[in-house]
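Colleague:
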Amino acid sequence: MISYHSHLNSDNEDGLTNDDDDVNSFSKNSMRMEVGSKFENVVDFRRALNHFAVTNEFNYYILKCDPTRFTARCENLECEWRIHASITQDEVTFEVKKMVQVHTCTRSNKGGNKRATQGWIANVVTDKLKSDGDVSPYELRNWIMKTYNVDVSYLKVFRGKEQAYTDMYGKWEDSFMKMDDFREELLKRNEGSVVEIDFDKVGGKKLFKRFFICLAACSRGFVVGCRPYIGFDACHLKGKFNGVLAAATCIDGNNSIFPIAYCVLESENT
1 MISYHSHLNS DNEDGLTNDD DDVNSFSKNS MRMEVGSKFE NVVDFRRALN
51 HFAVTNEFNY YILKCDPTRF TARCENLECE WRIHASITQD EVTFEVKKMV
101 QVHTCTRSNK GGNKRATQGW IANVVTDKLK SDGDVSPYEL RNWIMKTYNV
151 DVSYLKVFRG KEQAYTDMYG KWEDSFMKMD DFREELLKRN EGSVVEIDFD
201 KVGGKKLFKR FFICLAACSR GFVVGCRPYI GFDACHLKGK FNGVLAAATC
251 IDGNNSIFPI AYCVLESENT
């Protein structure tokens, strides 16, 4: 059985569920779509079919879609390709019951493929982002064209990349809700550290304002192994949330920069 594990997103094209949802774990290279192929549910089947359509360079038109059955044909009315899948006796698993494998039309993604959604892009670029680091949307767009022969817009790739990061690391907003846990963990792992976090309260909600961190190991290292000189510098953060990252540093015995403390604040003051 082929399994898809997803995170909810948006964009309901056909009324039942979101083909644009991200898919975390499935083998893109070994995925099969044939009579007898089984999927955990109709949602997993539709996501698999979506990927199958993009990688095989065709679009499809949905004839019937509900929680128990799904029928689609090639978007080209003269093409004989069709697929029908339905729920099995366990009332959950979806199985491909009928399928005409051969297309009798000319297929190409070069004009764009509406099945190459933001969620599909997020899924296919995840491994590349993990292995290559922060790849620009422009590079990802070229890579998708080269790998899957599908032309997608820069904006869609940009949004797909953002969704991939969200699926891998969670939402930016959610991470701020864990600041108190972060503080407690730092104090537990580094006794004697100084960790200060300030919040504003707006409408009964805590909103992050600034933090200051000086790990005990770093302060001791400065005292016993560094030159008696402290430098201070800061840079502006240009991510989703603005602010200033500031750090106090010194020079150790190897003439390398040694961090003493750092903080994130609203702005840099003289």
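If you're matching positions, the sequence shown starts at 1 in the UniProt record's numbering and goes up one per residue. Glycine is no exception: its CB is placed at the ideal position from the N, C-alpha and C atoms.
1. Check whether the Cβ atoms of Val244 and Cys214 sit closer than 9 Å, and answer yes or no.
2. Tell me whether the beta-carbon of Arg220 lies closer than 9 Å to the beta-carbon of Ile197.
3. Just the C-alpha distance for Thr104 and Glu57, rounded to the nearest angstrom, thanks.
4. In terms of alpha-carbon separation, which member of Ala116, Glu191, Val100 and Lys205 lies closest to Asp53?
5. So, are the CB atoms of Met99 and Glu34 less than 9 Å apart?
6. If I follow the unbroken alpha helix (DSSP H) through Ala85, where does it start and stop?
7. If I measure Cβ to Cβ from Cys218 and keep anything under 8 Å in the same chain, skipping five residues before and after, which residues do I get?
8. Between Gly253, Glu162 and Val102, which has its C-alpha nearest Arg82's C-alpha?
9. State buried or exposed for Asp175, treating a residue as buried only when at least 16 other CB atoms are found within 10 Å of its CB.
10. Under the three-state reduction of DSSP, which class applies to Val92: helix, strand or coil?
11. Can you check which of these residues, Glu266, Ala234, Asn242 and Asn59, is closest to Arg73 by C-alpha distance?
12. Here's the rule I'm using: 16 or more other beta-carbon atoms within 10 Å means buried, otherwise exposed. How should Thr249 be labelled?
13. I need the straight-line Cα distance from Asn41 to Gly192, nearest angstrom please.
14. Give me the residue from Asn242, Thr166, Thr147 and His236 with the minimum Cα distance to Gly119.
15. According to DSSP, is Asp252 helix, strand or coil?
16. Report the rounded CA-to-CA distance for Asn50 versus Lys206, giving the unit in angstroms.
17. Quick check: the Cα distance between Val223 and Ile230, rounded to an integer number of angstroms?
18. The alpha helix (DSSP H) with Ile144 in it runs from where to where?
19. Rounding to the nearest angstrom, what Cα-Cα distance links Gly239 and Thr68 in this structure?
20. By a C-beta neighbour count over all protein chains shown, 10 Å radius and 16 as the cutoff for buried, is Phe94 buried or exposed?
21. In chain order, what residues of the same chain lie with their CB nearer than 6 Å to the CB of Thr126, ignoring the 5 residues before and after it?
22. Excluding the 5 residues preceding and the 5 following Arg159 in the sequence, name in chain order all residues of the same chain whose CB lies nearer than 7 Å to its CB.
23. Beta-carbon within less than 8 Å of Trp143's beta-carbon, same chain only, minus the 5 sequence neighbours each way: which residues are those?
24. Between which two residues does the alpha helix (DSSP H) holding Arg220 run?
25. Could you spell out where the beta strand (DSSP E) holding Lys201 opens and where it closes?
26. Would Phe232 and Ala216 qualify as a contact pair, given that the criterion is a beta-carbon distance under 9 Å?
Modeller: So, from the data block:
1. Start at 1 with the first residue of the sequence shown, and residue 244 comes out as number 244. Start at 1 with the first residue of the sequence shown, and residue 214 comes out as number 214. Not in contact: Val244 and Cys214 (Cβ atoms no closer than 9 Å).
2. On the sequence shown, position 220 is the one that residue 220 refers to. On the sequence shown, position 197 is the one that residue 197 refers to. No.
3. Position 104 of the sequence shown, counted from the start, is the residue given in the question as residue 104. Position 57 of the sequence shown, counted from the start, is the residue given in the question as residue 57. So the two alpha carbons sit approximately 13 Å from each other.
4. Looking up residue 53 in the sequence shown gives position 53. Looking at the sequence shown, residue 53 is not Asp but Ala. When each option's Cα is compared against that of Ala53, the closest is Ala116.
5. Position 99 of the sequence shown holds residue 99. Position 34 of the sequence shown holds residue 34. The answer is yes: Cβ separation under 9 Å.
6. Position 85 of the sequence shown holds residue 85. Looking at the DSSP string, Ala85 is not in any alpha helix (DSSP H); the run it does join, the beta strand (DSSP E), is Arg82 to Ile87.
7. Residue mapping note: residue 218 aligns to position 218 of the sequence shown, counting from 1. If we look at Cys218 and ignore the five residues flanking it on each side, its Cβ neighbours are Phe258, Pro259, Ile260 and Ala261.
8. By 1-based counting over the sequence shown, the position of residue 82 is 82. Residue Val102 is the option with its Cα nearest to Arg82.
9. Translated into positions along the sequence shown, residue 175 becomes position 175. Looking at the sequence itself, residue 175 is Ser, so the reference to Asp does not match. Counting Cβ neighbours within 10 Å, Ser175 comes out exposed, since fewer than 16 surround it.
10. Against the sequence shown, residue 92 aligns to sequence position 92. DSSP places Val92 in coil when its eight states are reduced to three.
11. Position 73 of the sequence shown, counted from the first residue, corresponds to residue 73. Closest by alpha carbon: Asn59.
12. Counting from 1 along the sequence shown, the entry for residue 249 is found at position 249. Thr249 is buried by the Cβ-count criterion.
13. Here residue 41 corresponds to residue number 41 of the sequence shown, with the count starting at 1. Here residue 192 corresponds to residue number 192 of the sequence shown, with the count starting at 1. Rounded to the nearest angstrom, the two C-alpha atoms are 52 Å apart.
14. For the purposes of this step, residue 119 is taken as the residue at position 119 of the sequence shown. The residue with the shortest Cα to Cα distance from Gly119 is Thr166.
15. On the sequence shown, position 252 is the one that residue 252 refers to. Strand, per DSSP.
16. As a first step, residue 50 is located in the sequence shown; it is residue number 50 there, counting from the start. As a first step, residue 206 is located in the sequence shown; it is residue number 206 there, counting from the start. For Asn50 and Lys206, the distance between alpha carbons rounds to 41 Å.
17. In the sequence shown, residue 223 corresponds to position 223, counting from 1. In the sequence shown, residue 230 corresponds to position 230, counting from 1. Going by the C-alpha atoms only, they are around 11 Å apart.
18. Residue numbering aside, residue 144 sits at position 144 when the sequence shown is read from its first letter. Run containing Ile144: Pro137 to Tyr148, per the alpha helix (DSSP H) assignment.
19. Mapped onto the sequence shown, residue 239 falls at position 239. Mapped onto the sequence shown, residue 68 falls at position 68. If I take the Cα positions, the gap works out to 44 Å.
20. For the purposes of this step, residue 94 is taken as the residue at position 94 of the sequence shown. Burial call: buried.
21. Your numbering for residue 126 matches position 126 in the sequence shown. Excluding positions up to five away in sequence, the list reads Ala164.
22. Locating residue 159 in the sequence shown gives position 159, counting from the first residue. Here the set comprises Gln118.
23. Reading the sequence shown from its first residue, position 143 is the one you call residue 143. So the qualifying residues of the chain are Val125, Lys128 and Val135.
24. Taking the first residue of the sequence shown as position 1, residue 220 is located at position 220. Counting along the chain, the alpha helix (DSSP H) containing Arg220 begins and ends at Ala216 to Gly225.
25. On the sequence shown, residue 201 is found 201 positions in, with the first residue counted as 1. Its beta strand (DSSP E) spans residues Val194 to Val202.
26. The sequence position of residue 232 within the sequence shown is 232, counting from 1. The sequence position of residue 216 within the sequence shown is 216, counting from 1. Contact: no.
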